[in-house]
Amino acid sequence: MTDREAVAALLAAHPPAAVVHTAGALGLGSIAEDSVATLGEIAAAKVLGARHLDELLGDTPLDAFVLFSSIAGLWGSGGQGAYAAANA
Numbered sequence: 005m006t007d008r009e010a011v012a013a014l015l016a017a018h019p020p021a022a023v024v025h026t027a028g029a030l031g032l033g034s035i036a037e038d039s040v041a042t043l044g045e046i047a048a049a050k051v052l053g054a055r056h057l058d059e060l061l062g063d064t065p066l067d068a069f070v071l072f073s074s075i076a077g078l079w080g081s082g083g084q085g086a087y088a089a090a091n092a
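So the sequence shown is residues 5 to 92, counted in this note's numbering.
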């Protein structure tokens, strides 16, 4: 989902009637232990994926456009601080 060209190719090959974006990347460690690069990599699947889908689909009529976020964004997730932050 972080590769815009790959997402564009997928959408061209398989035009969707609806989109449900549930991508995520798990990383083990607390926010204090993770580097900025690690935080960016983990958040990219959620953030860039949603952005690419939005931009590439533009005004395409869809039955649904759903962005899913884990409850970890609210409650946290032990040892997965960056994943929880990405979901928030």
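Ideal placement from N, C-alpha and C gives every residue a C-beta, glycine not left out.
No experiment lies behind these values; they were computed from the predicted model shown.
- Ala-21 is a Cβ neighbour of Asp-67, given a cutoff of 8 Å.
- With a threshold of 16 other beta carbon atoms within 10 Å, Leu-32 falls short and is exposed.
- Look at Ala-22 here: in three-state DSSP terms it is strand.
- In the three-state reduction of the DSSP assignment, Ala-89 falls in the helix class, which pools H, G and I.
- The continuous beta strand (DSSP E) containing Leu-71 extends over residues 68–71.
- Residue range 40–61 is occupied by the alpha helix (DSSP H) that includes Ala-54.
- Phe-69 and Thr-26 have their C-alpha atoms roughly 11 Å apart.
- Judged by their CB atoms, Thr-42 and Ala-86 are nearer to each other than the 8 Å cut-off.
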